[in-house]
Amino acid sequence: MTALLSLSGVTAFYGAIQALRGIDLTVEQGEIVTLIGANGAGKSTLMMTICGNPRARTGEILHQGQDITQFPTYQIMRRGIAQAPEGRRIFGRMTVRENLLMGAEVAGRTDIDALLHQVFALFPRLQERLSQRGGTLSGGEQQMLAIGRALMSRPTLLLLDEPSLGLAPLVVRQIFGAIRELNRTTGLTVLLVEQNAYQALRLANRGYVLVNGSITMAGTGAELLARPEIRAAYLEGGGHA
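So that you can map any letter, position 197 of the sequence shown is 734 in this note's numbering, and since no number is skipped, the others follow by simple counting.
See the structure below:
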């Protein structure tokens, strides 16, 4: 069976600096796969490379068996891949509703009411804030909006980059609960980059560990949680939000 997403031998550079070194990674339909690693390990670069910016220097990226390595970003998005990027990057001057509609616009969706209903079922707070400018929302509400905007394209693959960053533990649990519910009820496939290794590995079916642009370890979420080197590097001293 063809993986929904497959990376093979992928390298990426920023100028002369190599950020990714021969990445091999697969995401099967219906899985939640997480990528953990220290700051600067290359996690966000990997997410951006899947989306075509930066472009993979070598290797190939397959989506549903088709090579998308050289596709422009807009074409990749229209294939059913959506990203909630690190730092949220919502449109601060636009209202919540306008932000959400931008997500639907990217994919040319016309079933707006049904899509809004799905987002509001996950994040009722957004419905309460519909006419409020995005820039005036709390950090947690902005993260909900970033995820909601991505969901408005009704993707088959959701790329989530650091959804818990800077958020209070209660909000983190709410965000992760929404991801779990979405996967359980709709079968949405999720590739998750997350600094909160404990939460991410509890949520994920499988995980990869990225160190200095290379994958050094892979396994089920439970296997990685149980490994002493993972606990020492990523879990001790906190992170159990």
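Glycine included, C-beta positions come from ideal geometry on N, C-alpha and C. Quick caveat, the model's predicted, so the values are computed rather than measured.
Taking the straight line between their C-alpha atoms, what separation do you get for residue i and residue j?
i: L572; j: Q736; result: 12 Å
i: A651; j: L762; result: 38 Å
i: I619; j: Q555; result: According to the sequence displayed, residue 619 carries Ala and not Ile. Each residue's Cα considered, the two are about 25 Å apart.
i: Q601; j: Q612; result: 14 Å
i: A540; j: K580; result: 20 Å
i: V633; j: P765; result: 43 Å
i: E665; j: G596; result: 45 Å
i: M614; j: R739; result: 28 Å
i: A593; j: I752; result: 16 Å
i: G640; j: R630; result: 16 Å
i: H777; j: G714; result: The predicted model places H777 with a pLDDT of 45, which falls under 50 and marks its position as unreliable, so this point remains unresolved.
i: T726; j: E568; result: 5 Å
i: T673; j: L667; result: 12 Å
i: T647; j: L638; result: 10 Å
i: V656; j: T722; result: 13 Å
i: E642; j: Q669; result: 20 Å
i: M681; j: L557; result: 29 Å
i: A734; j: L707; result: 16 Å
i: Y587; j: P661; result: Reading the sequence as shown, one finds Ile at residue 587 and not Tyr. Rounded to the nearest angstrom, the two C-alpha atoms are 31 Å apart.
Does the Cβ of residue i have 16 or more other Cβ atoms within 10 Å, making it buried, or fewer, making it exposed?
i: G775; result: Low per-residue confidence applies at G775: pLDDT is 44, beneath 50, and the placement is therefore not dependable enough to give any value.
i: E718; result: exposed
i: Q779; result: There is no way to answer for residue 779, as the model of the chain reaches only from 538 to 778.
i: A549; result: buried
i: P700; result: buried
i: P692; result: buried
i: N590; result: exposed
i: S690; result: buried
i: A744; result: Inspection of the sequence shows that residue 744 is occupied by Gly rather than by Ala. Buried, by the Cβ-count rule.
i: G750; result: buried
Beta strand (DSSP E) containing residue i: first to last residue?
i: F550; result: L542 to Y551
i: E597; result: T595 to H600
i: T563; result: I554 to V564
At a Cβ threshold of 9 Å, is residue i touching chain B?
i: R670; result: Looking for chain B here will not work: only one protein chain is present.
Compare the beta carbon distance of residue i and residue j with 9 Å and say whether it is the shorter of the two.
i: I716; j: V746; result: no
i: L688; j: L659; result: yes
i: I627; j: A683; result: yes
i: A770; j: A575; result: yes
i: R686; j: N636; result: yes
i: G676; j: G703; result: yes
i: S543; j: L583; result: no
i: L694; j: V564; result: yes
i: N742; j: G758; result: yes
In the DSSP assignment, the alpha helix (DSSP H) including residue i goes from what residue to what residue?
i: Y735; result: A734 to L740
i: T539; result: Run containing T539: none; DSSP gives neither H nor E here.
i: Q612; result: T610 to R615
Does the ligand PLP have even one heavy atom less than 8 Å from the beta-carbon of residue i?
i: T582; result: This structure simply doesn't include the ligand PLP, nor any ligand for that matter.
Practice task
Quick one: which unbroken alpha helix (DSSP H) runs of 4-plus residues sit fully inside the segment 623-705? Chain order, please.
Solution key: 633-643, 649-659, 661-665 and 676-688
Problem - Secondary structure, alpha helix (DSSP H): runs of 4+ residues fully inside the segment 741-775 - result: 758-763
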